[in-house]
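Visitor: Chains as they are written, first to last, in full-length UniProt numbering: chain A, 1 to 599; chain B, 1 to 599. No residue lacks a Cβ here, since even glycine has one placed at the ideal position from N, Cα and C. The structure presented is a predicted model; accordingly, all values stated were derived computationally and were not measured. Here it is, the structure, as structure tokens.
Encoded structure:
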């Protein structure tokens with residue numbers, strides 16, 4: 001059974017307690033948002049997630065989207081849910097008040113996103129893509145385009161897409177062929193075919209605004225010749241309502257492994273009218289504004305599925321009776337004990353739990369930097385935040401989605417044979433989570449972004465905020481007298497040492513031979529992710545220990561559980577850092593030894 | 001695209017070269033099977049796999065089985081393929097000649113199974129379950145039952161099932177409720193409902209023979225009160241043809257994540273006539289005969305999917321053009337290089353390749369022991385073989401199926417977005433492979449079987465044949481002068497040391513507290529699997545190095561590739577042993593720290 005109730009206590013912990021001293025807080029723009037107000041937002045969001053989105057998750061998977069005579073339909077109930085969502089203001093939570101948004105901090109917005117992704121990740125794409133598109137328009141479009149499109153998109157009356165991929169090119173967008181012909185009135189005629197367009201068409205909104213990558217007639221080859229265009233499905237009339245159709249058609253929808261309630265469309269643009277967004281031939285830069293926001297959000301998809309997978313597994317493990325505890329009967333009145341008594345079931349549950357709590361904390365750290373990057377008055381803080389976001393974006397995207405898939409699989413495993421059966425609703429998590437490791441740049445591409453762009457930039461400047469934070473905490477913790485915290489600090493010191501050594505190795509070898517950096521990339525990203533999670537768990541343990549020493553009252557259970565979770569991370573997950581370090585050290589030799597023709 | 005051609009050269013390597021000196025060979029029963037004959041069997045099997053089974057794999061997934069008015073139908077083409085398969089004698093390859101089988105060694109049979117599972121794992125269950133059922137009947141049934149049923153089942157004219165699971169009990173069969181009432185004529189009336197019955201009903205054979213676990217009226221509670229019964233769908237007439245129906249009905253088929261062409265049935269037995277197989281209340285022992293064979297075969301399912309995932313990924317990686325090589329353009333005439341040039345794509349391909357070759361070798365070692373256990377004239381060899389099989393069965397089942405799922409996922413990842421789309425045929429591998437980690441005992445149950453039964457039995461006697469083989473090879477290799485082999489030997493010594501230490505830790509702690517053994521189980525099984533695979537790679541490297549030194553002629557490419565694959569294993573996979581060792585060492589504390597109610 002798909003089981004969900006937002007982990008509000010943990011959300012409040014990462015929101016208010018965990019990063020109080022990280023130097024990214026105290027933003028004027030957010031002064032009005034009191035902790036109580038933010039908590040109330042989370043509580044209301046939980047209701048929407050549980051009551052509106054979750055009931056459509058399994059049914060949406062079974063029914064899927066349909067395509068008939070050029071028209072795409074979402075599953076039963078989606079239109080009504082979308083209206084409820086939109087009318088409740090949930091689509092515009094973090095959008096700029098200038099365009100009708102509520103201007104809430106990303107810290108809260110990402111927690112709400114987690115709830116939406118947990119309960120209906122297919123649904124999340126419709127408002128999610130719109131939000132990404134508005135970001136790119138806000139950042140790069142002309143005032144005229146902004147005035148015309150942003151209010152309708154921020155209110156979610158119209159939706160948005162990003163049209164990048166063509167059948168022969170995904171990662172390598174330099175190969176794309178869609179053409180843009182300049183017109184006398186300053187507009188362009190866009191012609192070409194795109195695939196894998198999430199929310200490309202549907203019945204939730206009366207207009208869809210496409211952001212399309214295309215080539216101008218005289219554009220240079222490769223990625224330096226790509227421009228970004230805004231192409232509406234229907235051209236707006238003077239009164240702002242959708243007018244004539246614009247040569248945008250749907251050739252079909254994809255039959256996918258999962259995410260079946262999300263319409264993934266093949267789009268044709270046939271002399272469609274579009275307007276340039278940003279500078280000619282600078283479309284990739286404009287698109288990356290959108291992609292970076294989206295990448296963190298895709299990470300949150302992994303986290304959301306991780307959390308619902310965890311909760312669904314826990315519910316089953318407490319209820320399913322099978323076998324007896326190895327340490328003596330726990331349920332003497334029943335025919336057997338609930339399977340949560342078995343160590344190997346605990347292993348699975350604790351792993352999912354550690355992944356969810358660790359990702360939530362690391363994601364929150366990243367969100368704080370996103371807010372500071374946008375709103376801080378202090379130029380130093382702004383720079384630090386920008387660097388931290390640059391470094392962590394690929395880590396969050398890849399680590400969270402890998403863990404999300406792992407958690408989904410652990411949930412199925414906890415259910416045993418019943419997990420493989422559609423009616424129990426948990427194999428859907430495996431199918432739904434799988435795409436997040438691929439889209440918005442595969443996790444391999446994230447790793448290359450990390451070692452190939454983010455590390456070398458500015459002589460490693462992006463690393464500094466992160467490395468400083470970790471060093472500072474480790475220094476702090478070295479003075480602590482608590483026996484357990486000492487052991488965990490030791491583990492973190494080792495892992496951090498491995499990360500620093502790996503960084504140096506990659507910088508050195510990669511300079512001479514970029515394939516060396518490429519060969520290290522995936523293990524290095526995972527290693528950095530583990531150190532990042534370790535940092536949040538050590539900080540959390542420090543706080544929890546202090547609170548418990550003071551007497552934590554009704555929060556005692558929460559802090560004790562936090563220590564238990566941290567313990568599992570340091571005992572069972574962090575040791576993987578050693579294996580990654582050894583793999584990185586071995587270099588590219590064995591990875592590239594076999595000639596291509598010998599495969 | 002699902003791409004497959006059996007890896008015949010590697011199969012011949014593991015069959016004839018790799019284990020020539022393991023002491024399990026030279027069986028009189030197999031004297032007539034010359035290497036040439038066995039190679040010819042493999043070549044013919046490859047044709048059946050490629051030409052008969054592979055073309056039905058994707059279509060079978062899309063169509064699935066159907067259930068209507070109590071009748072189950074397999075997808076289009078399955079009946080014809082089954083007839084071809086049966087008439088070619090493929091169903092009876094390893095069966096006893098006494099019952100019409102061909103008596104081929106398991107070593108060859110398991111390689112053929114690999115091909116069948118690679119090209120159509122759903123199909124493999126129909127003959128697979130029959131083979132398992134015949135094993136249990138051969139081992140435990142009366143002569144009369146054998147005479148009546150075995151010839152028809154060995155010829156695959158009739159099929160077989162194993163009916164264990166009920167909706168409230170899978171792992172914990174002690175809870176089962178199906179009843180058996182003794183009749184005056186020595187038969188029994190069986191009444192009850194079973195779920196998850198693979199090949200429970202279908203249109204491939206005119207009769208289905210069920211092996212059903214049930215309770216006699218006066219049976220003791222729990223697993224000690226379970227008996228095994230043979231219950232045919234149709235009662236055979238005197239002339240051996242199917243006669244009147246026997247109260248066996250299908251209540252429905254399951255809607256599963258994958259394996260959609262395999263009919264997984266809910267079966268009702270309503271006063272069905274059955275006959276006892278083996279002793280009253282000793283049904284679990286009889287069923288375990290079947291389960292053990294099946295567990296190794298389930299491991300081979302993982303290996304089969306691993307291999308086709310690898311080949312399908314390689315084909316795509318050689319063809320898909322995207323980006324340029326970091327070490328200079330490789331395909332100057334094309335718009336981009338094939339993605340096989342990228343280190344991170346190599347990482348995925350090499351990982352799949354290492355998993356497939358390592359599992360094939362380890363599986364072959366196990367098959368040799370299976371043959372020796374059955375046919376050796378030397379009682380010492382027989383004991384050694386039995387112990388080796390006992391130890392390795394859970395390892396093969398869990399390791400191969402975990403790696404099979406990993407490989408399937410890596411294949412999808414290699415395809416990027418296209419991998420998520422049904423038409424490309426590779427997401428099916430993920431869905432199909434997932435069940436193998438669960439059925440015939442979840443992989444967590446395999447790990448418990450290893451630490452809870454196989455290790456402690458006879459003061460660790462089961463470990464001896466395996467540990468001796470590894471020690472002997474390491475001693476041998478310590479004398480070798482080759483620089484690379486020395487490094488790999490060093491890695492293996494470390495991993496083997498970790499395995500020995502872990503064994504001692506588990507034995508010690510587990511004796512006092514069985515939860516300690518349970519907490520170590522999954523990591524320990526993986527560690528043992530890695531050491532087992534490492535042993536085969538080191539042996540393979542020893543052979544390849546010697547062959548290349550002699551001048552290997554047309555086999556030069558094969559042996560060089562084997563060294564490259566071994567190198568990747570020792571550089572990139574074996575280091576994980578360290579993480580497992582540290583996790584095992586940490587014990588149960590953090591795994592069991594959180595009280596059940598705090599989840």
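Inspect the beta-carbon positions of residue 170 of chain B and residue 322 of chain A and report whether they are closer than 9 Å.
Guide: Yes, these two residues count as a Cβ contact at 9 Å.
Visitor: Hey, is residue 543 of chain A's beta-carbon within less than 9 Å of any beta-carbon in chain B?
Guide: Output row for residue 543 of chain A: interface = no.
Visitor: Taking residue 494 of chain A as the query, report the chain B residues whose CB atoms sit under 8 Å from its CB, ordered along the chain.
Guide: Per Cβ cutoff of 8 Å: no residues; residue 494 of chain A is ~10 Å from chain B at best.
Visitor: Roughly how many whole angstroms lie between the Cα atoms of residue 432 of chain A and residue 305 of chain A?
Guide: Rounded to whole angstroms, residue 432 of chain A to residue 305 of chain A spans 8 Å at the Cα level.
Visitor: By the DSSP assignment, the beta strand (DSSP E) with residue 213 of chain B in it spans what residues?
Guide: Per DSSP, residue 213 of chain B belongs to the beta strand (DSSP E) from 208-214.
Visitor: Run the proximity test for residue 308 of chain A: is its beta-carbon closer than 8 Å to any non-hydrogen atom belonging to the ligand GTP?
Guide: The model depicted lacks the ligand GTP and carries no ligand whatsoever.
Visitor: Which chain B residues sit within Cβ distance under 9 Å of residue 423 of chain A?
Guide: The answer, in chain order, is 254 and 255.
Visitor: Tell me the DSSP secondary structure of residue 524 of chain B in three-state form.
Guide: Residue state, collapsed to three classes: helix.
Visitor: I'd like to know whether the C-beta of residue 326 of chain B is nearer than 9 Å to at least one C-beta of chain A.
Guide: By this cut-off, residue 326 of chain B is an interface position.
Visitor: Ignore the nearest five residues each way along the sequence and tell me which others in residue 533 of chain B's own chain have a CB closer than 6 Å to its CB.
Guide: The answer, listed in chain order, is 358 and 362.
Visitor: Please classify residue 230 of chain B as buried or exposed, where buried requires at least 16 neighbouring CB atoms within 10 angstroms.
Guide: So residue 230 of chain B ends up on the buried side.
Visitor: Have a look at residue 311 of chain A and residue 224 of chain A and give me their C-alpha separation to the nearest angstrom.
Guide: The straight-line gap from Cα to Cα measures roughly 46 Å.
Visitor: Whose C-beta lies closer than 6 Å to the C-beta of residue 454 of chain B among residues of the same chain, with five residues either side of it excluded?
Guide: Taken in chain order, the residues that qualify are 390, 391 and 462.
Visitor: What number of angstroms, rounded off, separates the C-alpha of residue 176 of chain B from the C-alpha of residue 190 of chain B?
Guide: Rounded to whole angstroms, residue 176 of chain B to residue 190 of chain B spans 13 Å at the Cα level.
Visitor: For residue 104 of chain B, collect the residues of the same chain with a Cβ closer than 6 Å to its Cβ; drop the 5 residues on either side in sequence, then sort them by chain order.
Guide: Correct list, in chain order: 93 and 94.
Visitor: Please list the terminal residues of the continuous alpha helix (DSSP H) segment that includes residue 365 of chain B.
Guide: Note, residue 365 of chain B: alpha helix (DSSP H), 343-375.
Visitor: Smallest Cα separation from residue 37 of chain B: which of B/16, B/24, B/48 and B/52?
Guide: The residue with the shortest Cα to Cα distance from residue 37 of chain B is B/16.
Visitor: Do you know whose CA, among A/260, A/439, A/354 and A/181, lies nearest residue 295 of chain A's CA?
Guide: For residue 295 of chain A, the nearest C-alpha among the options comes from A/439.
Visitor: Along the stretch 425-447 of chain A, where does the CB come closer than 9 Å to a CB of chain B? Name the residues.
Guide: Taking 9 Å as the Cβ-Cβ cut-off against chain B, the residues of the stretch 425-447 of chain A that qualify are 427, 428, 430, 431, 434, 435, 437, 438, 439, 442, 443, 444, 445 and 447.
Visitor: Assign residue 142 of chain A to one of three DSSP states: helix, strand, or coil.
Guide: Coil at residue 142 of chain A, not helix or strand.
Visitor: Quick one: is residue 280 of chain A near chain B, going by C-beta distance under 9 Å?
Guide: Residue 280 of chain A does not count as touching chain B.
Visitor: Here's the rule: buried if 16 or more other CB atoms are within 10 angstroms of the residue's CB, otherwise exposed. What is residue 71 of chain A?
Guide: Under this definition residue 71 of chain A is an exposed residue.
Visitor: How is the alpha helix (DSSP H) around residue 402 of chain B delimited, first residue to last?
Guide: Element bounds for residue 402 of chain B: 379-415.
Visitor: Could you check the C-alpha separation between residue 375 of chain B and residue 28 of chain B for me, to the nearest Å?
Guide: Their Cα atoms are separated by approximately 8 Å.
Visitor: From the beta carbon of residue 409 of chain B, is the nearest beta carbon of chain A less than 9 Å away?
Guide: So, interface residue.
Visitor: Three Cβ pairs or more, each shorter than 8 Å: is that satisfied between the stretch 266-279 of chain A and the stretch 181-200 of chain A?
Guide: These segments touch.
Visitor: Name the residue from B/566, B/302 and B/219 whose alpha carbon lies nearest to the alpha carbon of residue 543 of chain B.
Guide: Among B/566, B/302 and B/219, the Cα nearest to that of residue 543 of chain B belongs to B/566.
Visitor: Could you tell me whether the stretch 376-388 of chain A touches the stretch 464-472 of chain A, where touching means 3 or more Cβ pairs closer than 8 Å?
Guide: With the cut-off at 8 Å, the stretch 376-388 of chain A and the stretch 464-472 of chain A touch.
Visitor: Under the rule that 16 or more other beta-carbon atoms within 10 Å means buried, what is residue 498 of chain A, buried or exposed?
Guide: Buried, by the Cβ-count rule.
Visitor: Contact between the stretch 363-374 of chain A and the stretch 106-114 of chain A is defined here as three or more beta-carbon pairs at a separation below 8 Å; is this criterion met?
Guide: Because the criterion of three Cβ pairs below 8 Å is met, the stretch 363-374 of chain A and the stretch 106-114 of chain A touch.
Visitor: Out of A/471, A/65, A/7 and A/527, which one is the CA nearest neighbour of residue 47 of chain A?
Guide: Ranking the options by Cα distance to residue 47 of chain A, first place goes to A/7.
Visitor: Using a Cβ cut-off of 7 Å, pull out every chain A residue sitting near residue 29 of chain B, in sequence order please.
Guide: Under the 7 Å cutoff, chain A gives no residues; its nearest Cβ is about 37 Å from residue 29 of chain B.
Visitor: DSSP three-state label for residue 158 of chain B, please.
Guide: Correct three-state label for residue 158 of chain B: coil.
Visitor: Going straight from the alpha carbon of residue 20 of chain A to that of residue 205 of chain A, what length do you get?
Guide: Roughly 40 Å separates the two Cα atoms.
Visitor: Determine the burial state of residue 59 of chain B: buried for a count of at least 16 other Cβ atoms within 10 Å of its Cβ, exposed for fewer.
Guide: Under this definition residue 59 of chain B is an exposed residue.
Visitor: Residues bridged to residue 256 of chain A by DSSP?
Guide: Residue 256 of chain A is bridged to B/421.
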